[in-house]
Structures are given as structure tokens and as C-alpha cells.
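Residue numbers (the working numbering): 39 to 157. Where is the CB? At the ideal position from N, CA and C, for every residue including glycine. No experiment lies behind these values; they were computed from the predicted model shown.
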């Protein structure tokens, strides 16, 4: 009987753990992951951790951002993220993010939809 209870508990914990983890990133995020983490509590890489970025003010974490991004006074939502991912340097001249942008609107939408789940 104790073995059955242990197995039932283990199964419950596995199911709970699976539900507690967010969906895996879209394949396109691999380009972002070169410079960014998007896991709760993970350290910044070259760029800031993107966990919880959706809905936040740009340049609001403890990461060292450019003066240009700090003064842009953006909040990360669908529209601002879409424009940013299209071309960061065009949106905020002087940003330190050298990423050339994602030209495919569907790929940008995938990344944005996924970032919304990272909180």
C-alpha cells in the first residue's frame, strides 16, 4: 500500500510540475536566446532577461540600458514589441541592441505570444 501511495504522489507531482512550466519557446526565439534568457530568476546574458517583460516599462529592470531606451518611455505590449522586433535600431535610435529585426510578421507574433506566457 505505501508503494501505491508513493507512486500516486509521484505522478501528481510530475503532473503539477509539467503544468507549472510555461510552454517551450517558438523556434524563432533561438535567435533571441543568443543574447537573452527568458526564465524566471535566470541571469542576464548580453541582453536582459525577458521573463515577465510583457506589460513592463522598457528599461525598468536592473540591467544597464542605453540612455536612448531609458528615455523612450515605452511599455512592452503587442504594438511596441512588434515594432521593436521589426527593427530595434529604427524604433529607438541609439539603442545598444544590434539585432537587425525579424521581418516576418508571423514570426514576430509567435515570439510576442510566447513572451506573454512568461510570467
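Query: Apply the 10 Å Cβ neighbour rule to residue 138 and answer buried if 16 or more other Cβ atoms are within range, or exposed otherwise.; Result: exposed
Query: Whose C-beta lies closer than 6 Å to the C-beta of residue 87 among residues of the same chain, with five residues either side of it excluded?; Result: 75 and 80
Query: What residues in its chain sit with their C-beta under 6 Å from that of residue 95, if we drop five residues either side in the sequence?; Result: 113
Query: What does residue 113 pair with, by DSSP beta-bridge criteria?; Result: 95
Query: Rounded to the nearest angstrom, how far is the Cβ of residue 115 from that of residue 93, given a contact under 8 Å?; Result: 7 Å
Query: My guess is that residue 66 and residue 145 are in contact by the Cβ rule of under 8 Å, so how many angstroms apart are they, rounded?; Result: 4 Å
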